[in-house]
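Report on the following structure.
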Amino acid sequence: MIELIKKYINNIGLPRLIITLLFIGICVTAVIIGLPVGLLASDVIRRFGMFGVLALAMVPAIQCGTGPNFALPIGIICGLLGSLMTIEFRLTSPVLGYGFISAVLISLPFAIISGWLYGILLNKIKGSEMLVATYTGFSIVSFLQIGWVTLPFTHPEMRWPIGKGLRVTVSLESTFGEVLNRLWGFNIGGIYIPTGLLLFFIGCCWLVWLFSRSKSGIEMVTVGANPKFAAATGINVDKNRIIGTILSTIIGAVGIIVYSLSFGFLQLYLAPLYMAFPAVAAVLIGGASTSKVKISHVIIGTFLFQGLLTVALPVANQMFPEGNLSEVLRMIVQNGIILYALTKMGGES
Amino acid sequence: MAQVNQIKIAQPKLLVKIRRLLFDNSVPLLFIVICLAGVYFSKLPLVFILNTLLSRITRNSFLVLALVIPVIAGLGLNFGIVIGAMAGQFAIIIVTHYKIAGFPGFMMCLLLATPIAILFGIITAMLLNRTKGQEMITSMIAGFFANGVYQFILLFLVGTLIPIKNPDLVLSRGIGIRNTIDLATETGLKYALDDVFKYPLFNVLVAISIALLIGLCIDYYLKRKKGYEGIDNFKFTTQIIIMIFVLAASLYIIMTGSILRTVKLPIVTSLFIAALWSFNELIMKTKLGQDFRTVGHDMEIAKISGINVERTRIIAMVISTVFAAWGQIIFLQNIGTLSTYGSHVQIATFSIAAILLGGASVTKATSGQAILGIILFHTLFIVSPKAGNNLFGDAQIGEFFRAFISYGVIGVALGLHAWNKRIQAMRKRLEIV
């Protein structure tokens, strides 16, 4: 009996089990203390769709063997640049999805180039990807702070009315804010389903899955799983790692655009600094490790982690009106799970 | 052949030596230039810069010196000093609660922080022992994680499980410690260490440089007499020149009665820092210090030669964590307010950026580099907003620039280290084949 339970727990993975139990527990508490279930459920679904693409950016990075992409801010910056240029050049006609499609298209070349450069960097530092990635991300974000002040954007909605530079948050209300959420969105039993957002996320997942089934995708996964074997069979390891990094950066760029439009604001300056960590934590909670990941991990992990945070916020506020208990919970869960994953990979190196 | 080589190494030309010195210290030299340019463009009065710099050096040195031993023991840059800082802050909260003021309060703080920091250090080290090869990222994430736990304890357990009912400390709802705790009250810790004894900086410098001059000469003479072979004329002359320069500059300032004379040095704090510096130097001469070095060099070799690798690493982490806790207490007694949920967060980034600016790397660090790094980093910190304002018409740019420098310098250093490690590994493999 105990053996069976142990095997079962091993199958699910301890972190996933703990987080699931925590999530269920908090949901039950929410119902008991009489929080509006419909609103909460809508929120969970919205946050799930909103954050999913960012978490998906981890998949190609882990698959090609560079580990979770802690340098996600690079992609995020590209996405932000794309969005800002969309607003600046007023490419916000309905045909362009009120700017959503143009933002994605503009950010693509940035993401490809920076992903390629970053991929070259990663090939030079094999073995220490995660640490260097973190600080590459930090450096880029803090460098772009200078950029946000000095870049010649002129659109009045983005600039401070007085003084220099771009605002800390740029509202997307007049452009592509919530455009995906409203697309075919409907209410069912008091729960709002942002169909467009969910379809877009699922579509992205499907594309990534499709890619990993293609010839170059299989090559990439082979490189990630066993670089020596891949090299022996004549696959160019470094090239495939670069491809994975570029893909991850692109998905990161698209991810922040989706995130921002659902959130309603572009967040500049220091906002992207720590954004990689929740995304990494989400896939790890879903059951991924630093070297293995599946699309299902992304979906499960994002749902559990974002759901947990969304429901925990009002519940925690009911219990402790002051003090940010849900923020503390996020820190503990997020970094605890990354630590756990690190100790699991420690044996290999 | 071997002999020829040896002779060559023993007596390289002066020019080669200077070139090598410049190359080995390219990072600090580059930043010395940037700092001087910053000082020039900021147009700040020298006495202001010096005063601010001095208080920043004395309050931050301890934290940066805490980084040295883990680097030697091969644990890399210890991002986990954040955890030590938390231990220090726990102690400060306790001491403030019991209203122990001044110097006794400060010593009490050190005493209380030590066991907490030892415990935290052991836990962190055990974690790092399970993630060999990824110590730095682990210690960083461990810092983030510990920050979550720290906030949980202070925000939600205080007042519910931990019975503290001090209105100066606890939020008005009765649960959780306040965001800022004022240490400048009568029973507080502000300047508890700094104000014990202060003395004009340049008088101290005169005394130190004279003492060092005499010491160096005696040392040189003794070595000469004994026929010691590793005698380094170049190093000796450089040191003498620097000392004479410092002595002359200080005497000039005292003689001319410039306003710089008013700059005062907190003597006791400086003594603490000097004690830690000499501890770092002296421990390397003991068996334990040699173990650190061996473990840091190659864990396999260390294991074969009978060193308990895991235990050595734990000791290194514990030492570092305890010093970080003390360092944080020294830091906060100078600042005068404890920002309960913010004071410790950036400690690791700033300290590590500082030691890297001083010319340290992931595998090599000395206490001298730590001190030089602090001077450079904080000069940059003081002058960059004003310099940014004068150059670009925007103080923000200077501020963002220094944030970028602190992250960028760490990023570049870590990247170079990883690259280097990989190249060496490849070379080793080629040699074996």
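Residue numbers (my numbering), protein chains in the order written: chain C, 384 to 732; chain G, 251 to 683. Beta carbons are placed, not taken as given, at the ideal position from N, Cα and C, and that holds for glycine. Small disclaimer: the values here were computed from a predicted structure and weren't measured.
Annotation for N483 of chain G: no residue places its beta carbon closer than 8 angstroms to its own, counting only its chain and skipping 5 residues before and after. The beta carbon of M567 of chain G is closer than 6 angstroms to those of G371, T374, A375 in its chain, skipping five residues each way along the sequence. At a cut-off of 8 angstroms, the C-beta of L455 of chain G has no neighbouring C-beta in chain C.
With a cutoff of 8 angstroms on beta-carbon distance, I409 of chain C and L691 of chain C are scored as near each other. R596 of chain C sits in a helix when the DSSP states are folded into three classes. Apart from sequence neighbours up to five positions away, the residues of its chain that approach I344 of chain G with a beta-carbon distance below 7 angstroms are L362, ordered along the chain. Contact between I407 of chain C and L687 of chain C is ruled out by a C-beta separation of about 10 angstroms, above the 8 angstroms threshold. Here the C-alpha atom of N429 of chain G lies approximately 23 angstroms from the C-alpha atom of A695 of chain C.
When the beta-carbon positions are compared, G502 of chain C and K671 of chain G stay at least 8 angstroms from each other. Taking a beta-carbon distance threshold of 8 angstroms, F627 of chain G does not count as an interface residue toward chain C.
If you check the CB distance, L404 of chain G and I427 of chain G come in under 8 angstroms. When DSSP reads this structure, S554 of chain C sits in a beta bridge with C:F648. When the alpha-carbon of F569 of chain C is set against those of C:V562, C:T578, C:P492, the nearest one is in C:T578. Assignment of K448 of chain G by DSSP, reduced to helix, strand and coil, places it in the strand class.
When beta bridges are read from the DSSP output, V408 of chain G appears opposite G:I412. Cβ proximity to chain C below 7 angstroms picks out D644, Q646, I647, F650, F651, A653, F654, Y657, G658, I660, G661, L664 from the segment 641-664 of chain G. Remark: C-beta atoms of G607 of chain C and G448 of chain C approach each other more closely than 8 angstroms. Not a single CB atom of chain C sits nearer than 8 angstroms to the CB of I554 of chain G. Nearest to E531 of chain G by C-alpha distance, out of G:I319, G:L294, G:F273, is G:I319.
By the 16-neighbour rule on beta-carbons within 10 angstroms, V414 of chain C is exposed.
Contacts between K507 of chain C and chain G, judged by CB atoms closer than 8 angstroms, involve G665, A668, W669, R672 in chain order. In the three-state reduction of the DSSP assignment, R542 of chain C falls in the strand class, which pools E and B. Fewer than three pairs of CB atoms, one per stretch, sit closer than 8 angstroms, so the segment 510-524 of chain C makes no contact with the segment 427-434 of chain C.
Residue environment analysis places I388 of chain C among the exposed positions, since fewer than 16 neighbouring C-beta atoms fall within 10 angstroms of its C-beta. The continuous beta strand (DSSP E) containing L588 of chain G extends over residues 587-589. Taking 8 angstroms as the cut-off, the Cβ atoms of G393 of chain G and V545 of chain G do not count as close. Within the same chain, and ignoring the five residues on either side of Q446 of chain C in sequence, the residues whose Cβ sits closer than 7 angstroms to its Cβ are S595, M603, V604, G607, G627, V676.
Taking C-alpha positions only, S311 of chain G is separated from I416 of chain C by approximately 51 angstroms. Within chain G, the C-beta atoms nearer than 7 angstroms to that of Y518 of chain C come from Y657, I660, G661, L664, in chain order. Of the residues assessed, H547 of chain G falls on the exposed side of the cut-off, its CB having fewer than 16 other CB atoms within 10 angstroms. Proximity of chain G to K598 of chain C at the Cβ level (cut-off 7 angstroms) is not reached, the minimal Cβ distance being about 29 angstroms.
For Y723 of chain C, the enclosing alpha helix (DSSP H) covers residues 708-729. Under DSSP, the beta-bridge partners assigned to I427 of chain G are G:V420.
Chain C places no beta carbon closer than 8 angstroms to that of G577 of chain G, leaving this residue out of the contacts. Taking 8 angstroms as the cut-off, the Cβ atoms of C461 of chain C and A664 of chain C do not count as close. Taking 8 angstroms as the threshold, the shortest C-beta distance from Q701 of chain C to chain G does not fall below it.
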